[in-house]
Structure formats: structure tokens, C-alpha cells
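Right, one structure below, let's go through it.
2 protein chains.
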Amino acid sequence: MNVETNATADDSSQGRIRQENIEKIMKAAEKVFAGNGFRGATTAAIAEEAGLPKANIHYYFGTKAKLYRAVLDDIIALWLSSFREIGENDDPATTLADYIRAKMQLSQNRPNASKVFANELIRGAPRISGYLETELKEWVEEKAAILDHWIEEGRMAPVDSKRLLFHIWSMTQTWADFEVQWAAVLGRKKKLKAEDFDAATDFIITIVLRTCGLQPIPSRS
Amino acid sequence: MNVETNATADDSSQGRIRQENIEKIMKAAEKVFAGNGFRGATTAAIAEEAGLPKANIHYYFGTKAKLYRAVLDDIIALWLSSFREIGENDDPATTLADYIRAKMQLSQNRPNASKVFANELIRGAPRISGYLETELKEWVEEKAAILDHWIEEGRMAPVDSKRLLFHIWSMTQTWADFEVQWAAVLGRKKKLKAEDFDAATDFIITIVLRTCGLQPIPSRS
DNA sequence: TTAGAACTTGACCGTTTGGTCAGGATTTGG
DNA sequence: CCAAATCCTGACCAAACGGTCAAGTTCTAA
């Protein structure tokens, strides 16, 4: 019987088989939820993607909603762990550039995580509004305060710090969520190349640093 | 019987009742597809949103797939009509600012259109790859050429023109697709205020014009 | 006024869906 | 080695799904 433990990926107090299967299922679920949303995803599709019979998915997670919740929690944990990057005493230019690089790494390496999150937001975020209103809001306010402090100290040019963070998010995540669009426009065959991500990263760093007066605008020819 | 005319919204050669109902259904469908994706949307939900019995939806559109196609075509037509904005001989700063304003107007006024499109992209764009690879690709190349021309003439600072357009898109559409996220972080109750859209518009214009050397970077205090 | 075209819709159908379960197989700790 | 715990899964079910249809109502143009 399923001992009523809310199954999550990082629960190390579990047996070997359990851990392996949960990981397999969550990975498959992330992919299927990313590509179909919660309502459009089927447990049968997740089972096939995971290479397990459907009943096995229900054995570990009970319901589709609980599995979705587990996937969401996993993604939020990943998000939060990638957040800590910006610190008070660092150099503005390198700190911003490092943060942009870290977010772009996530877009490149975990696009499905970003897509599940995007799906949830598009639908009005009924299941993650708590996270948005607390952890994320606090993170933005905390980091915006640091930027404002840098501005006050004259270490970067005045800029709307909160909105700068919003738009760094939108620019970095577009390369995960809407990859096909940019691949099509760039003439790639469905998938972007690593150099496309590198070029995008450099561009976003440029646009942000120029805006903050941390990188000179090249003179007009 | 449904005379085999591919029903679309702007078909003015139709009867009054037909036109009204098609409009009602497409509006409802856009909302339901935006919130659930193609697979997650149900014809019953669309019918209820439209205030019509389910059989009536099938009377006008046949299948869910055809209705989705009609909604998609409607959105693409809207997208393309909002594209023509950037012309060769205009002033770079005002042209870019006007384009950003136009895109933000769309995000504010037709968020569901943007969301349906976003859903389709997240899913890998199986039904709009043709549009991405032709019309959109050509538009980007055409407009990027104009930006490059401006740069050559010394009318703006050197910048990766294609990627500038990509990121203008990502920054403007985030305010439609992910509105709840920014509303939550800004402490609004689910919905953004008009002034939030205005502030975002101003910010995006600022970041773009600064990057292009078309607006001075304020001196550090 | 009237006949045909267009529209309406409750009832229905086959399929897919999320979820259950019993009974067997495998793993694990002592 | 054994027995208890855990894992496995084909078969099954009720509900929800996309779609059909026939019988009726309303509209329209002559």
C-alpha cells in the first residue's frame, strides 16, 4: 500500500526503487504537463513517457492533481535555489551579468520546467498564487532594494529596478518557453543551437548593462 | 445544414444570425483555449462561455480542431495587421517607441489572443510553424534590415537588430501572457491597473532607446 | 402567405479519461 | 532462509469527452 507520504523527488528517506520510479515519473510528467497543460495532460501519456504502466503512476502519486502539485513544488524549489545570486556588496555589472547567465542556463537546461510554470501563469496561476505573492514578491523587493542602493551610491545609472528585474525574467524565459518561435525565425530546424543561446545571453547582458550605464554605448558610425 | 463554408469572423457575406453567433463562439473559444490549451479546452466549456448549447458550436464549426484553426487564423491576422508599423524613412526613436506602444496596446486589449498564441508556442507550434517560418520570419528580416540601415547611416548605435526585435516581443508579451505574475509581485489584486501597463510601456521604451543610443543615460547621482 | 433555407437543441453514441482494485511478483531486513 | 513490506499491473468502472442526429422552430425572400 501507498504509505501516505507526499511523494517528492528529493525525499531521500525512501527506498531505492521508490526513488528511481518517482524520479522517472516526475521527469515524464514535467514533459507531458509542459506540452499539454494540466487539463490536457493524460496519466496514460505520462505513463508511456515514463515507460511504466498507468496504474504504477497512481500507485506512487494517487491522483493527477497530486502529481502536478509535486512537479510544481519541484520547479518552485529549483527557481528559488537559483535566486540567491544577487548580493549587496558585489559589483553591479558582473552581478547582473552572472544572474542573466544563470537564468539563461536554466532556460537552456530545464526548458520544460519553465514551460510548466508558463502554462500555470497563462491559466491565471490558481495553484501558485501563494508562491507569487510571498516568496517571489519578497525576492523581487529585496533585490530591487539592492539595485536602488547601487543607484543611490552612484554605482549605476538610475533605472526602475523592479521593472528591470521583470523584463530580465521575460527576456530570459522567452528562450525556454517560445524556443520554437525563435528557432523558426532564425531558420533553425525546430531546435536552437548552443550558440543561439550564447548570442541571446550576450545580447540580454548588453541591453541591461547599457541601460544601467555599465557598458558604453558604441559610437554611431 | 451547415453549408460547407469555412466559418471565420470577418466573413461578411453571411446572414446576421450566423455572423453574431460565430462572433460569440469565437470570443468564447479564444478565452477557453487561452486558459486551457487545445487539448484541455472542452466544447462544453466553450458552449457555456458563449451562452449556447454545445450542439450549436458544432453546427457552426464542425469540430473542435476547426474552431481552433479559425481562432488561430483570426489571431494571426490581428498580429500581421499590427506589424506594418516600422518604415524606412521614419525617425528611429519615435518609430521604435510607437511600435512598442502598439504591441503593448495589443497585450492590454487582447490578452487572450496573446495567450492562445503563447500556448501554441509552448506546445511546439505544430499548427503555426508555417506562419512562423514564412510571414513572421520575413517580417523580422525586413524590419531588421531597416534597423541595420539606420545603424549604417549613424542614426542609432550599433545593436544586434534581430535580437532587439525578439526581446521587444518578449518584453511586451509578458504583460499579456504572465499578467498574474506581475500583478502578484506588484501587490495588485489579480488584475493589473492601466497605469501598470503605462509604466511598463515607458520602461520598455526607455530600455530600448538607451540601448540604441537614442536616449541619454541619466548621470549617476 | 408560404415554402424552403437556416437555425436550434435534447437526446444519444462510441471513445477516452482519471482512478480503483485484487491478486501476484519482488524486494528487504532479520 | 523466510515472512512482511513493498511493488507491480491487467482488468475494470463511472464520468466526461467530441461529435451526431432527427425533429422542431425561426427566419427570409418571393
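Residue numbers (full-length UniProt numbering), protein chains in the order written: chain H, 1 to 221; chain S, 1 to 221.
Glycine residues also receive a C-beta, built at the ideal position from the N, C-alpha and C atoms.
On the premise that residue 197 of chain S lies in contact with residue 108 of chain S, defined as a C-beta separation below 8 Å, what is that separation, rounded to the nearest angstrom? As a position in the second sequence, residue 108 of chain S is number 108, starting the count at 1. As a position in the second sequence, residue 197 of chain S is number 197, starting the count at 1. Beta-carbon to beta-carbon, residue 108 of chain S and residue 197 of chain S are separated by about 5 Å, close enough to satisfy the 8 Å threshold.
Of all Cβ atoms in chain H, is any one closer than 7 Å to the Cβ of residue 132 of chain S? Taking the first residue of the second sequence as position 1, residue 132 of chain S is located at position 132. Closer than 7 Å: yes.
Put residue 161 of chain S into one of helix, strand or coil per three-state DSSP. For the purposes of this step, residue 161 of chain S is taken as residue 161 along the second sequence, with counting starting at 1. The three-state secondary structure of residue 161 of chain S, taken from DSSP, is helix.
Where residue 24 of chain H falls: helix, strand or coil (DSSP): Numbered from 1 along the first sequence, position 24 holds the residue referred to as residue 24 of chain H. Helix, per DSSP.
On the three-state DSSP scale, how would you describe residue 186 of chain H? For the purposes of this step, residue 186 of chain H is taken as the residue at position 186 of the first sequence. Residue 186 of chain H falls in the coil class under three-state DSSP.
Of all the options H:59, H:96, H:102, H:67, which has the alpha carbon lying nearest to the alpha carbon of residue 80 of chain H? As a working mapping, residue 80 of chain H is identified with position 80 in the first sequence. Just measuring C-alpha positions, the residue of H:59, H:96, H:102, H:67 sitting nearest residue 80 of chain H is H:102.
Closer than 7 Å, CB to CB, is residue 181 of chain S near chain H or not? Here residue 181 of chain S refers to the residue found at position 181 when the second sequence is read from its first residue. At a cut-off of 7 Å between beta-carbon atoms, residue 181 of chain S makes contact with chain H.
Assuming the contact rule is C-beta atoms closer than 8 Å, residue 114 of chain H and residue 177 of chain H should be a hit. Round their C-beta distance to whole Å, please. Within the first sequence, numbered from 1, the residue matching residue 114 of chain H stands at position 114. Within the first sequence, numbered from 1, the residue matching residue 177 of chain H stands at position 177. Right, their Cβ atoms sit about 6 Å apart.
DSSP on residue 128 of chain S, reduced to helix/strand/coil? The residue you call residue 128 of chain S lines up with position 128 of the second sequence. Three-state result, residue 128 of chain S: coil.
Show which residues of chain H have a CB atom less than 9 Å away from the CB atom of residue 107 of chain S. Locating residue 107 of chain S in the second sequence gives position 107, counting from the first residue. Listed along chain H, no residue sits closer than 9 Å to residue 107 of chain S by beta-carbon distance, the nearest being about 11 Å off.
Could you check the C-alpha separation between residue 164 of chain S and residue 140 of chain S for me, to the nearest Å? Stepping through the second sequence from its first residue, residue 164 of chain S is reached at position 164. Stepping through the second sequence from its first residue, residue 140 of chain S is reached at position 140. One C-alpha to the other measures close to 10 Å.
In three-state terms, what does DSSP make of residue 89 of chain H? Looking up residue 89 of chain H in the first sequence gives position 89. Under the three-state reduction of DSSP, residue 89 of chain H is assigned to coil, being neither helix nor strand.
Examine chain S for any beta-carbon lying closer than 7 Å to the beta-carbon of residue 137 of chain H, and answer yes or no. For the purposes of this step, residue 137 of chain H is taken as the residue at position 137 of the first sequence. Yes, because at least one Cβ of chain S sits closer than 7 Å to the Cβ of residue 137 of chain H.
Distance, residue 132 of chain H Cα to residue 74 of chain H Cα: Numbered from its first residue, the first sequence carries residue 74 of chain H at position 74. Numbered from its first residue, the first sequence carries residue 132 of chain H at position 132. Their backbone Cα atoms lie some 15 Å apart in a straight line.
Please report whether the beta-carbon of residue 149 of chain S lies at a distance below 7 Å from any beta-carbon of chain H. Within the second sequence, the letter at position 149 stands for residue 149 of chain S. For residue 149 of chain S, the answer is no, since every Cβ of chain H falls outside 7 Å of its Cβ.
From H:123, H:217, H:210, H:216, pick the residue whose C-alpha is nearest to that of residue 96 of chain H; which is it? On the first sequence, position 96 is the one that residue 96 of chain H refers to. That would be H:210, whose Cα lies nearest to the Cα of residue 96 of chain H.
Count the other CB atoms within 10 Å of the CB of residue 91 of chain H; is the residue buried (16 or more) or exposed (fewer)? Here residue 91 of chain H is taken as the residue at index 91 of the first sequence, counted from 1. With a 10 Å radius around the Cβ and a threshold of 16 neighbouring Cβ atoms, residue 91 of chain H comes out exposed.
Outcome for residue 111 of chain H when other beta-carbon atoms lying within 10 angstroms are tallied against a minimum of 16: Position 111 of the first sequence, counted from the first residue, corresponds to residue 111 of chain H. Counting the other Cβ atoms within 10 Å of the Cβ of residue 111 of chain H gives 16 or more, which makes it buried.
Is there a C-beta anywhere in chain H that falls below 7 Å from the one on residue 64 of chain S? Residue mapping note: residue 64 of chain S aligns to position 64 of the second sequence, counting from 1. For residue 64 of chain S, the answer is no, since every Cβ of chain H falls outside 7 Å of its Cβ.
Per the contact definition of three or more C-beta pairs closer than 8 Å, is the stretch 16-31 of chain H in contact with the stretch 48-64 of chain H? Touching, yes.
Got a sec: does the ligand GDP put a non-hydrogen atom nearer than 6 Å to the Cβ of residue 84 of chain H? The model depicted lacks the ligand GDP and carries no ligand whatsoever.
What residue range is occupied by the uninterrupted alpha helix (DSSP H) comprising residue 63 of chain H? Indexing the first sequence from 1 puts residue 63 of chain H at position 63. No alpha helix (DSSP H) holds residue 63 of chain H; DSSP gives it neither H nor E.
Return the chain-ordered list of same chain residues with a C-beta closer than 8 Å to the C-beta of residue 217 of chain S, the five sequence neighbours on each side being excluded. By one-based count along the second sequence, residue 217 of chain S stands at place 217. Non-local beta-carbon contacts of residue 217 of chain S in its own chain, meaning distances under 8 Å to residues more than five positions away in sequence, involve 210 in chain order.
Looking at the structure shown, is residue 144 of chain S part of a helix, part of a strand, or coil, going by DSSP? Here residue 144 of chain S corresponds to residue number 144 of the second sequence, with the count starting at 1. In this structure, residue 144 of chain S counts as helix in the three-state DSSP scheme.
Keeping to the same chain, check which residues put their C-beta closer than 6 Å to that of residue 76 of chain S; ignore five residues upstream and five downstream. In the second sequence, the residue the question calls residue 76 of chain S occupies position 76. The residues are 131.
Which residues in the same chain as residue 144 of chain H place their Cβ atom closer than 7 Å to its Cβ, once the five residues preceding and following it in sequence are excluded? One-based indexing of the first sequence puts residue 144 of chain H at position 144. Shown here for residue 144 of chain H: same chain residues with a beta carbon closer than 7 Å to its own, the five before and five after excluded, namely 161, 162, 165 in chain order.
Straight-line Cα distance separating residue 78 of chain S from residue 182 of chain H: Here residue 182 of chain H refers to the residue found at position 182 when the first sequence is read from its first residue. Here residue 78 of chain S refers to the residue found at position 78 when the second sequence is read from its first residue. Approximately 20 Å between the Cα atoms of the pair.
Given that a residue counts as buried once 16 or more other Cβ atoms are within 10 Å of its Cβ, and exposed if not, what is residue 170 of chain H? On the first sequence, residue 170 of chain H is found 170 positions in, with the first residue counted as 1. Burial state of residue 170 of chain H is buried, judged by a 10 Å Cβ sphere holding 16 or more other Cβ atoms.
With 8 Å as the C-beta to C-beta threshold (strictly closer), list the residues of the stretch 116-127 of chain H near chain S in chain order. The residues in question are 118, 119, 121, 122, 123, 124, 125.
Pick from H:147, H:195, H:136, H:179: whose alpha carbon is nearest that of residue 187 of chain S? Looking up residue 187 of chain S in the second sequence gives position 187. Distances from the CA of residue 187 of chain S to each of H:147, H:195, H:136, H:179 were compared; the closest alpha carbon is that of H:136.
Determine the burial state of residue 7 of chain S: buried for a count of at least 16 other Cβ atoms within 10 Å of its Cβ, exposed for fewer. On the second sequence, position 7 is the one that residue 7 of chain S refers to. At residue 7 of chain S the pLDDT is 44, less than 50, meaning the model places this residue with poor confidence; the figure from the coordinates comes in the next sentence. Buried.
Within 10 Å of its beta-carbon, does residue 120 of chain H have 16 or more other beta-carbons around it, so buried, or fewer, so exposed? Start at 1 with the first residue of the first sequence, and residue 120 of chain H comes out as number 120. Label assigned to residue 120 of chain H: buried.
Taking residue 114 of chain S as part of the alpha helix (DSSP H), name the residues at either end of that continuous run. Counting from one through the second sequence, the residue named residue 114 of chain S turns up at place 114. Its alpha helix (DSSP H) spans residues 111-122.
Going along the chain, which residues of its own chain have a beta-carbon closer than 8 Å to the beta-carbon of residue 127 of chain H, five neighbours each way excluded? Residue 127 of chain H sits at position 127 when you count from the first residue of the first sequence. So the qualifying residues of the chain are 68, 69, 72, 120.
Whether residue 180 of chain S touches residue 41 of chain H by CB criterion (7 Å): Residue mapping note: residue 180 of chain S aligns to position 180 of the second sequence, counting from 1. Residue mapping note: residue 41 of chain H aligns to position 41 of the first sequence, counting from 1. It is not a contact, given that the beta carbons lie outside the stated cut-off.
Own chain residues within Cβ distance below 7 Å of residue 36 of chain S, not counting five before or after: Here the question's residue 36 of chain S lines up with position 36 in the second sequence. Correct list: empty, nothing qualifies.
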